[in-house]
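Protein chains: 2
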Amino acid sequence: MTTHTSSSIGRYASKFVDLTAEELTTFTAAFKEMKVKKRQFLVQPNFVAKHRYFILKGALRAYVVGEEGQDHTIQLAIEDWWISDYNSYMFQQPASMFVMAVEDSLLLQISFEDEQQLKAASYKFETFFRILAERSVAFMQRRVITNLTQTAEQRYDVFVEKYPAMVNRFPQYVIASYLGMTTEFLSRIRNHKLKG
Amino acid sequence: MTTHTSSSIGRYASKFVDLTAEELTTFTAAFKEMKVKKRQFLVQPNFVAKHRYFILKGALRAYVVGEEGQDHTIQLAIEDWWISDYNSYMFQQPASMFVMAVEDSLLLQISFEDEQQLKAASYKFETFFRILAERSVAFMQRRVITNLTQTAEQRYDVFVEKYPAMVNRFPQYVIASYLGMTTEFLSRIRNHKLKG
DNA sequence: AAAAAATGTTGAACCAGTTCAACATTTCAG
DNA sequence: CTGAAATGTTGAACTGGTTCAACATTTTTT
Numbered sequence: 001m002t003t004h005t006s007s008s009i010g011r012y013a014s015k016f017v018d019l020t021a022e023e024l025t026t027f028t029a030a031f032k033e034m035k036v037k038k039r040q041f042l043v044q045p046n047f048v049a050k051h052r053y054f055i056l057k058g059a060l061r062a063y064v065v066g067e068e069g070q071d072h073t074i075q076l077a078i079e080d081w082w083i084s085d086y087n088s089y090m091f092q093q094p095a096s097m098f099v100m101a102v103e104d105s106l107l108l109q110i111s112f113e114d115e116q117q118l119k120a121a122s123y124k125f126e127t128f129f130r131i132l133a134e135r136s137v138a139f140m141q142r143r144v145i146t147n148l149t150q151t152a153e154q155r156y157d158v159f160v161e162k163y164p165a166m167v168n169r170f171p172q173y174v175i176a177s178y179l180g181m182t183t184e185f186l187s188r189i190r191n192h193k194l195k196g
Numbered sequence: 197m198t199t200h201t202s203s204s205i206g207r208y209a210s211k212f213v214d215l216t217a218e219e220l221t222t223f224t225a226a227f228k229e230m231k232v233k234k235r236q237f238l239v240q241p242n243f244v245a246k247h248r249y250f251i252l253k254g255a256l257r258a259y260v261v262g263e264e265g266q267d268h269t270i271q272l273a274i275e276d277w278w279i280s281d282y283n284s285y286m287f288q289q290p291a292s293m294f295v296m297a298v299e300d301s302l303l304l305q306i307s308f309e310d311e312q313q314l315k316a317a318s319y320k321f322e323t324f325f326r327i328l329a330e331r332s333v334a335f336m337q338r339r340v341i342t343n344l345t346q347t348a349e350q351r352y353d354v355f356v357e358k359y360p361a362m363v364n365r366f367p368q369y370v371i372a373s374y375l376g377m378t379t380e381f382l383s384r385i386r387n388h389k390l391k392g
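First to last, the protein sequences are chains A and B. The numbering used here applies: residue 1 is where the first sequence begins, and numbers increase by one. The numbering used here applies: residue 197 is where the second sequence begins, and numbers increase by one.
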């Protein structure tokens with residue numbers, strides 16, 4: 001089992017940096033496997049997000065609750081994605097988000113301190129986390145552009161096209177809130193498509 | 197002049213990593229000072245963004261042009277901020293954005309290749325760029341949250357409160373498009389405030 | 001298998017923000 | 001200093017998306 005775990009995050013890291021067998025061991029040792037049940041919370045507002053999570057199996061979402069109680073989904077994550085409240089995790093300040101499992105999930109968790117140690121221990125680990133952050137920046141910039149330039153229906157179409165694997169694993173109201181529209185409106189968009 | 201330049205970007209980098217005199221020299225040498233006139237373009241769609249820019253003096257914006265010709269401002273930048281089309285710069289792919297000077301500006305430019313060399317040359321430089329990217333992630337996550345949860349008027353209020361230095365340096369239609377609303381609507385919000 | 005909880009659908013009224021058009025004001029190049 | 005370009009304002013009609021409420025369907029729990 002440790003073998004399986006190691007190879008997952010190890011394989012992932014090896015996509016970005018070239019690690020020796022020893023480095024791979026040190027790297028994977030910083031992660032702890034963890035099971036969570038559907039609807040379990042990993043991060044809650046006002047508490048500091050002490051970990052970030054890599055998803056081996058399952059599906060999670062990060063969301064904030066608005067003043068009138070509406071959910072706003074900030075991030076969706078399935079296998080091979082990372083999730084946390086990054087504003088909280090990176091600066092170790094109180095979170096504004098919930099991170100919740102949408103399915104029973106199997107995760108690898110790394111603590112802020114252990115991540116700092118990895119970065120301090122090896123140039124290559126520092127590079128790995130730099131690449132991770134840069135990719136997030138590019139991803140989020142694309143999201144900002146989409147939100148600013150597309151209509152609700154276009155945003156949904158782009159989402160389905162880019163993340164087909166996610167469409168069937170999150171309830172409709174979660175996808176709607178991720179795309180910045182109401183459940184009802186997404187329902188209408190979908191049913192509209194069936195007809196023409 | 198080199199002295200002034202060096203100390204600006206050097207002082208900036210020193211906020212995040214502890215550099216020796218020699219490292220400072222290597223670091224600042226990778227940057228090239230550059231003047232741009234108001235309305236000059238630094239990045240254009242379909243061309244690869246070969247540089248990122250640190251602003252010594254002046255103001256710039258990054259924007260995409262929508263299908264119906266409307267501007268959508270993705271980023272604003274003044275002194276001590278960085279700007280580029282990061283999706284293009286980081287992956288060296290064709291840009292989707294314009295980056296344009298809004299005032300006559302004085303910049304420090306670094307090329308993608310030189311940045312790669314800095315990162316490869318020193319652990320500390322790698323750390324510096326990692327921190328830069330992480331801060332961007334946190335910043336953009338806050339922007340996504342604001343866009344998803346606030347009304348147009350609230351977004352404007354938050355902007356004025358957080359970036360008062362920017363309010364008077366960008367034309368109203370630029371700020372409006374950054375905040376995801378029309379010029380006309382921002383005009384109404386502002387005039388509405390004068391009365392009550 | 002039944003009850004409860006969560007999720008999805010539909011209609012109709014509504015509204016935050018847009019659009020268009022005309023005009024006012026400010027900035028800037030020559 | 002002047003004219004043109006850029007920027008900002010206002011009104012009135014309009015619309016993409018929301019809200020609310022009631023009901024339908026699916027999933028989960030016991």
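Quick reminder that beta carbons are idealized off the backbone N, C-alpha and C, glycines included.
Backbone CA spacing between residue i and residue j [nearest angstrom]
i	j	result
isoleucine 110 of chain A	tyrosine 156 of chain A	33 Å
methionine 197 of chain B	phenylalanine 321 of chain B	Model confidence at methionine 197 of chain B stands at a pLDDT of 40, short of 50, so the residue's coordinates are unreliable and nothing is read from them.
asparagine 343 of chain B	leucine 179 of chain A	11 Å
aspartate 71 of chain A	tyrosine 369 of chain B	30 Å
glutamine 75 of chain A	alanine 101 of chain A	12 Å
histidine 4 of chain A	phenylalanine 47 of chain A	For histidine 4 of chain A, the predicted structure reports a pLDDT of 43, less than 50, and the residue's modelled location is therefore unreliable. The matter cannot be settled from this model.
isoleucine 9 of chain A	histidine 51 of chain A	16 Å
glutamate 330 of chain B	arginine 130 of chain A	8 Å
leucine 118 of chain A	glutamine 350 of chain B	40 Å
serine 122 of chain A	serine 318 of chain B	12 Å
alanine 165 of chain A	glutamate 79 of chain A	10 Å
lysine 37 of chain A	glutamine 337 of chain B	26 Å
serine 332 of chain B	phenylalanine 185 of chain A	32 Å
glutamate 299 of chain B	aspartate 214 of chain B	33 Å
glutamate 161 of chain A	proline 241 of chain B	23 Å
Three-way DSSP call (helix, strand, coil) for residue i in this model
i	result
isoleucine 78 of chain A	coil
lysine 32 of chain A	strand
leucine 220 of chain B	helix
serine 111 of chain A	strand
aspartate 267 of chain B	strand
valine 261 of chain B	strand
serine 122 of chain A	coil
proline 290 of chain B	strand
valine 158 of chain A	helix
arginine 384 of chain B	helix
methionine 197 of chain B	At methionine 197 of chain B the pLDDT is 40, less than 50, meaning the model places this residue with poor confidence; the figure from the coordinates comes in the next sentence. Reduced to three states, the DSSP call for methionine 197 of chain B is coil.
Beta-carbon proximity list for residue i, same chain, < 6 Å, skipping 5 on both sides
i	result
lysine 32 of chain A	Gln109
Nearest-angstrom Cβ-Cβ length linking residue i and residue j, presumed shorter than 8 Å
i	j	result
leucine 303 of chain B	phenylalanine 250 of chain B	7 Å
phenylalanine 287 of chain B	alanine 138 of chain A	7 Å
aspartate 85 of chain A	alanine 30 of chain A	Wrong, their Cβ atoms sit about 20 Å apart, outside the cutoff.
tyrosine 63 of chain A	methionine 34 of chain A	Not a contact, Cβ separation roughly 20 Å.
leucine 56 of chain A	alanine 77 of chain A	About 11 Å; that fails the 8 Å criterion.
phenylalanine 128 of chain A	phenylalanine 41 of chain A	That belief does not hold up - the Cβ atoms of phenylalanine 128 of chain A and phenylalanine 41 of chain A are roughly 28 Å apart, past 8 Å.
glutamine 150 of chain A	valine 144 of chain A	Actually they do not touch by this definition, with Cβ atoms about 11 Å apart.
valine 65 of chain A	isoleucine 83 of chain A	The pair is not a contact, with the Cβ atoms about 17 Å apart (cut-off 8 Å).
Exposure label - residue i; buried when at least 16 CB within 10 Å
i	result
serine 185 of chain B	Because chain B in this structure spans residues 197 to 392, residue 185 of chain B falls outside the shown range and cannot be described.
arginine 39 of chain A	exposed
histidine 388 of chain B	exposed
arginine 11 of chain A	exposed
serine 187 of chain A	exposed
asparagine 168 of chain A	exposed
alanine 217 of chain B	exposed
alanine 13 of chain A	buried
threonine 221 of chain B	exposed
glycine 58 of chain A	buried
Residues near residue i in its chain [Cβ-Cβ closer than 7 Å; skip 5 each side]
i	result
threonine 379 of chain B	Gln368, Tyr369 and Ala372
methionine 181 of chain A	Ala152
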